[in-house]
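In the numbering used here, the protein residues as written are 1403 to 1477. Just so it is clear, CB atoms sit at the ideal spot from N, CA and C, and this is done for glycine as well. Here the structure is a predicted model, which is why all the values come from computation and not from measurement. Report on the following structure.
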């Protein structure tokens, strides 16, 4: 993710942590490769990193919405 996004990437409210706008981007803002696998791995890394900042982990996630630009990547 870009180092200074125009939105809050994480908010904690009443013990819940909400994340927004996570994608397959490295810290320098570049896309993590051309494949869905590389971008997904980076997106999950970004999510885990933000969760850790709020003393949470991927095991605490209760919902996740995914957007794909190519439905062929769903397979």
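- Checking the DSSP bridge columns, you'll see residue 1427 partnered with 1433.
- Taking the C-beta atoms as reference points, residue 1476 is found nearer than 8 angstroms to residue 1470.
- DSSP, reduced to helix, strand and coil, places residue 1470 outside both helices and strands of the structure shown, so it counts as coil.
- Your pair residue 1455 and residue 1412 checks out as a contact, with CB atoms roughly 7 angstroms apart and the cut at 8 angstroms.
- Residue 1453 and residue 1473 have their C-alpha atoms roughly 28 angstroms apart.
- Contact between residue 1450 and residue 1426 does not hold, since the beta-carbon distance rounds to 14 angstroms and is not under 8 angstroms.
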